[in-house]
Amino acid sequence: MLSFFKTKSPLVTDLSWLGVDLHSHLLPGLDDGAPDLETSLFLIKKLNELGFHKFICTPHIFKELYPNTPATINAALQTVQTALQKEKAAIEILASAEYMIDGDFDIQEELQGMPGEYLLVEMSYLSESPNIEQTIFDLQ
Numbered sequence: 007m008l009s010f011f012k013t014k015s016p017l018v019t020d021l022s023w024l025g026v027d028l029h030s031h032l033l034p035g036l037d038d039g040a041p042d043l044e045t046s047l048f049l050i051k052k053l054n055e056l057g058f059h060k061f062i063c064t065p066h067i068f069k070e071l072y073p074n075t076p077a078t079i080n081a082a083l084q085t086v087q088t089a090l091q092k093e094k095a096a097i098e099i100l101a102s103a104e105y106m107i108d109g110d111f112d113i114q115e116e117l118q119g120m121p122g123e124y125l126l127v128e129m130s131y132l133s134e135s136p137n138i139e140q141t142i143f144d145l146q
């Protein structure tokens, strides 16, 4: 029989050479990512099967749409870490944030940065973010 009639198993890519996903929306209920703990765990396990063993979750902080704070982010992180520990999963999960640089961004607030004092920022797709150059300079 011709081979093109046979169903092929999906191609799975080995991403273990990357090891770390440093921009993901895996924490439950915080933004446009995982809506609940069950989905978070499912996504983390599937990404782990692809070779990722460490995740730095970066939920949006955008006051008009996702008014997250370090406290809400760390609470969601603790929930996921506890669930992974119960399952004895050898997965490291940390949290940072993805900050919208807009008129509500306040450099004086407590910031949830990445290891090594890095900060993930995003800008409006519709218009130039106000004072973007000065804001990034001030973050240094």
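Converting from the sequence shown to the numbering used here requires adding 6 to each position, the first position being numbered 1.
Glycine included, C-beta positions come from ideal geometry on N, C-alpha and C.
DSSP three-state assignment for S46, whether helix, strand or coil: helix
Rounded separation between K92 and D108 - CA only: 39 angstroms
Nearest-angstrom beta carbon gap, I67 and Y105 [assumed within contact, 8 angstroms]: 5 angstroms
Beta-carbon contacts of L56 that lie in its chain and below 6 angstroms, excluding the five residues immediately before and after: L21
Residues that DSSP places opposite V18 in a beta bridge: Paired residue(s): none; V18 is not in a bridge.
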